[in-house]
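K.L.:
Here it is, the structure in full.
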Amino acid sequence: MLPRKSTITKWLMFVLILGGMLYTVINNNASPVNKEIEIRKLLEYAKDPIINKPPKGEKDLENHSGKVYSSINSSAGHENQPNPLTLTPPVNPHNFKYMIKPKYQCDDSVFLVVYVHSHPDYYKRRILIRQTWGNPKNYKEKIRVIFIMGKGLKQKVQDSLMFESETYGDIVQEDFIDSYKNLTYKGIAGLKWVSENCAHTKYTLKTDDDIFVNMFNLLRHLKSISMHDLGRTKLVLCLTWHAMKVLRDKNSKWYIAKEEFEPDHFPPYCSGSAFIFSTDVVKDMFEISLTIKFFWVDDYYITGALVNKLGLNHTQFISVYSLQKPKFEENFSGPKGDLYIFAHTHEADKIRKVWKRIISKEGKSMKSDYLLSS
Numbered sequence: 026m027l028p029r030k031s032t033i034t035k036w037l038m039f040v041l042i043l044g045g046m047l048y049t050v051i052n053n054n055a056s057p058v059n060k061e062i063e064i065r066k067l068l069e070y071a072k073d074p075i076i077n078k079p080p081k082g083e084k085d086l087e088n089h090s091g092k093v094y095s096s097i098n099s100s101a102g103h104e105n106q107p108n109p110l111t112l113t114p115p116v117n118p119h120n121f122k123y124m125i126k127p128k129y130q131c132d133d134s135v136f137l138v139v140y141v142h143s144h145p146d147y148y149k150r151r152i153l154i155r156q157t158w159g160n161p162k163n164y165k166e167k168i169r170v171i172f173i174m175g176k177g178l179k180q181k182v183q184d185s186l187m188f189e190s191e192t193y194g195d196i197v198q199e200d201f202i203d204s205y206k207n208l209t210y211k212g213i214a215g216l217k218w219v220s221e222n223c224a225h226t227k228y229t230l231k232t233d234d235d236i237f238v239n240m241f242n243l244l245r246h247l248k249s250i251s252m253h254d255l256g257r258t259k260l261v262l263c264l265t266w267h268a269m270k271v272l273r274d275k276n277s278k279w280y281i282a283k284e285e286f287e288p289d290h291f292p293p294y295c296s297g298s299a300f301i302f303s304t305d306v307v308k309d310m311f312e313i314s315l316t317i318k319f320f321w322v323d324d325y326y327i328t329g330a331l332v333n334k335l336g337l338n339h340t341q342f343i344s345v346y347s348l349q350k351p352k353f354e355e356n357f358s359g360p361k362g363d364l365y366i367f368a369h370t371h372e373a374d375k376i377r378k379v380w381k382r383i384i385s386k387e388g389k390s391m392k393s394d395y396l397l398s399s
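Take my numbering: the final residue in the sequence shown is number 399, and no numbers are missing along the way.
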């Protein structure tokens, strides 16, 4: 005779409780070696080809912007995807392919690597950077500047980008769609490229193509802090935002639903205009990104979620930012100009004017834009 329903229920509860206890014991006693093996497997999984291709048309871009194309949970068809690993795949596998990748890698002499968030369409901004603060010929310390971007929608632009890459050798492009809600992919792409190609540089700067950088001031500051133990490793240097309110206004470009992010205030994170890492943390940040669910607010995801997960602290760098566009020329040309490093502007005439003053003050001559940096 079959057991009564109540008896079966009791046995099922007993088995579930016992299984849970065994899992807890095994998980809590996992050795560091096993954890390292797990991370390695995550990284191998992240190198696999993209499971879901990004949208092709403009209409698809509107419908799909911000969705995790490569996530194992993002669409149908993944349930039957064979998994060669013995553990759960990463929640945010960054398995996009390179469309353009520079041949040149950083050697041990590079002091600072700079990755600039750009867009395939913004050729003029990149040229302006190459002709001004991003030209490595201007500095004693060796720097390397690259431009990070995703895929555009126009073949003509892509053809021009290929020629630009052949000319300057500083374009890194992955095949995610370059859109506002995919900026986190761009940020992770920067971390990945630096960790694979420039891991031995001392410092890493992330900035945008509408940010002006007084590189002379920045290099002086970094040279100074590199002489002290606190500035050599585990460094996250930026304009830090504290308790920033999460916008719930559905009409706002930055609207975030409770389902996406439940707290009403963000934990500390950096202004996305510019932030600096000691390069030793970059690889750790890329690796930990594989284990943290995708979130489209890139500033918070990269410098908040990843940094906090690694137990790193933000070092405040507030006084060197000039983010009000009307005050750019005034701040950088005035008596306190030596204090500023970063400014938000892409007005070419003003940038050239300010740069000319800076170059003159530094006792340098204007250099032409570089070709195929080496």
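Glycine included, C-beta positions come from ideal geometry on N, C-alpha and C.
Following a CB-centred definition, is Tyr193 positioned closer than 6 Å to any heavy atom of the ligand MN?
P.N.:
With respect to the ligand MN, the structure shown offers nothing to examine, as it has no ligands at all.
K.L.:
Go through its chain and collect everything with a Cβ distance to Val307's Cβ below 6 Å, but skip five positions before and after it.
P.N.:
Counting from one through the sequence shown, the residue named residue 307 turns up at place 282. The answer, listed in chain order, is Leu216, Val219, Ser220, Thr229.
K.L.:
When you compare only the Cα positions, how much space is there between Met310 and Gly359?
P.N.:
The residue labelled residue 310 in the question sits at position 285 within the sequence shown. The residue labelled residue 359 in the question sits at position 334 within the sequence shown. Rounded to the nearest angstrom, the two C-alpha atoms are 38 Å apart.
K.L.:
Cα-Cα, which of Leu208, Lys227, Lys334, Lys231 is closest to His144?
P.N.:
Position 119 of the sequence shown, counted from the start, is the residue given in the question as residue 144. Checking every option, the nearest Cα to that of His144 belongs to Leu208.
K.L.:
Between Lys7 and Ala282, what straight-line distance do the alpha-carbon atoms span, to the nearest angstrom?
P.N.:
There is no way to answer for residue 7, as the model of the chain reaches only from 26 to 399.
K.L.:
Does the Cβ-Cβ distance between Val135 and Lys176 come in under 7 Å?
P.N.:
Here residue 135 refers to the residue found at position 110 of the sequence shown. Here residue 176 refers to the residue found at position 151 of the sequence shown. Not in contact: Val135 and Lys176 (Cβ atoms no closer than 7 Å).
K.L.:
Rounded to a whole number of angstroms, what is the C-alpha to C-alpha distance between Tyr193 and Glu284?
P.N.:
For this step, residue 193 is matched to residue 168 along the sequence shown. For this step, residue 284 is matched to residue 259 along the sequence shown. So the alpha carbons of these two residues sit roughly 43 Å apart.
K.L.:
Please report the distance separating the alpha-carbon of Glu104 from that of Leu153.
P.N.:
To locate residue 104, count along the sequence shown from 1; it is residue 79. To locate residue 153, count along the sequence shown from 1; it is residue 128. The pLDDT assigned to Glu104 is 39, lower than 50, so where the model puts this residue is not dependable; a value taken from the coordinates is nonetheless given after this. Glu104 and Leu153: Cα-Cα distance of roughly 47 Å.
K.L.:
Can you tell me whether Tyr326 is helix, strand or coil according to DSSP?
P.N.:
Within the sequence shown, residue 326 is the residue found at index 301, counting from 1. Three-state result, Tyr326: helix.
K.L.:
Between which two residues does the alpha helix (DSSP H) holding Asp184 run?
P.N.:
Indexing the sequence shown from 1 puts residue 184 at position 159. Where Asp184 is concerned, the enclosing alpha helix (DSSP H) stretches over 180-193.
K.L.:
What ranges does the alpha helix (DSSP H) occupy inside the stretch 242-309, keeping only unbroken runs of at least 4 residues that lie completely in it?
P.N.:
none
K.L.:
Are the stretch 258-265 and the stretch 293-303 touching by the rule of at least three beta carbon pairs closer than 8 Å?
P.N.:
yes
K.L.:
Measuring straight from C-alpha to C-alpha, what distance separates Asp235 and Arg150?
P.N.:
For the purposes of this step, residue 235 is taken as the residue at position 210 of the sequence shown. For the purposes of this step, residue 150 is taken as the residue at position 125 of the sequence shown. Each residue's Cα considered, the two are about 7 Å apart.
K.L.:
Report the three-state DSSP secondary structure of Lys402 (helix, strand or coil).
P.N.:
Not covered by the structure: residue 402. The range shown for the chain is 26 to 399.
K.L.:
Applying the criterion that 16 or more other CB atoms from any shown protein chain within 10 Å of the CB defines a buried residue, is Leu255 buried or exposed?
P.N.:
Counting from one through the sequence shown, the residue named residue 255 turns up at place 230. Classification of Leu255: exposed, given that the 10 Å Cβ count is below 16.
K.L.:
Can you name the start and end residues of the alpha helix (DSSP H) that Leu216 belongs to?
P.N.:
Your numbering for residue 216 matches position 191 in the sequence shown. Run containing Leu216: 208-222, per the alpha helix (DSSP H) assignment.
K.L.:
Return helix, strand or coil for Lys167, following the three-state DSSP convention.
P.N.:
Within the sequence shown, numbered from 1, the residue matching residue 167 stands at position 142. Here Lys167 sits in strand by DSSP.
K.L.:
Check the DSSP bridge columns for Gln198 and list the partner residues they point to.
P.N.:
The sequence position of residue 198 within the sequence shown is 173, counting from 1. For Gln198, which the question treats as bridged, DSSP gives the partners Ile125, Met174.
K.L.:
Within its chain, find whatever has a CB closer than 6 Å to the CB of Ile327; leave out the 5 residues flanking it on each side and keep chain order.
P.N.:
Counting from 1 along the sequence shown, the entry for residue 327 is found at position 302. So the qualifying residues of the chain are Gly212.
K.L.:
So, does the stretch 348-356 touch the stretch 368-387, judging by three or more C-beta pairs under 8 Å?
P.N.:
yes
K.L.:
Which of the three DSSP states is assigned to Phe311 in this structure?
P.N.:
The count along the sequence shown starts at 1 and reaches residue 311 at position 286. Here Phe311 sits in helix by DSSP.
K.L.:
For the 8 Å Cβ check, are there 3 or more pairs between the stretch 195-208 and the stretch 118-136?
P.N.:
yes
K.L.:
Under DSSP, the alpha helix (DSSP H) around Phe342 begins and ends at which residues?
P.N.:
On the sequence shown, position 317 is the one that residue 342 refers to. Phe342 -> no alpha helix (DSSP H), and no H or E assigned at all.
K.L.:
Taking the Cβ atom as the reference point for each residue, do Phe319 and Asn120 lie within a distance shorter than 7 Å?
P.N.:
The residue given as residue 319 occupies position 294 in the sequence shown. The residue given as residue 120 occupies position 95 in the sequence shown. Going by C-beta atoms, Phe319 is not nearer than 7 Å to Asn120.
K.L.:
Going by CA-CA distance only, name the one from Cys131, Asn333, Ala368, Leu337 that's closest to Lys429.
P.N.:
This structure cannot speak to residue 429, because the chain is shown only from 26 to 399.
K.L.:
Nearest to Asp324 by alpha carbon, out of Val139, Leu364, Thr232?
P.N.:
For the purposes of this step, residue 324 is identified with residue 299 of the sequence shown, where counting begins at 1. When only C-alpha atoms are compared, the closest one is Thr232.
K.L.:
Please state if the CB of Ile343 and the CB of Ala330 are separated by a distance shorter than 7 Å.
P.N.:
For the purposes of this step, residue 330 is taken as residue 305 along the sequence shown, with counting starting at 1. For the purposes of this step, residue 343 is taken as residue 318 along the sequence shown, with counting starting at 1. Result no, Cβ atoms of Ala330 and Ile343 do not sit closer than 7 Å.
K.L.:
Name the two residues that bound the continuous alpha helix (DSSP H) containing Tyr140.
P.N.:
Against the sequence shown, residue 140 aligns to sequence position 115. Looking at the DSSP string, Tyr140 is not in any alpha helix (DSSP H); the run it does join, the beta strand (DSSP E), is 135-142.
K.L.:
Comparing C-alpha positions only, which one of Glu312, Ser314, Lys122 sits nearest to Phe201?
P.N.:
Within the sequence shown, numbered from 1, the residue matching residue 201 stands at position 176. Ranking the options by Cα distance to Phe201, first place goes to Lys122.
K.L.:
Tell me the rounded alpha-carbon separation between Lys446 and Lys275.
P.N.:
The question about residue 446 has no answer, for the chain in this structure spans 26 to 399.
K.L.:
Do you know how far the Cα of Pro288 is from the Cα of Lys278?
P.N.:
Counting from one through the sequence shown, the residue named residue 278 turns up at place 253. Counting from one through the sequence shown, the residue named residue 288 turns up at place 263. Between Lys278 and Pro288, the C-alpha separation is close to 18 Å.
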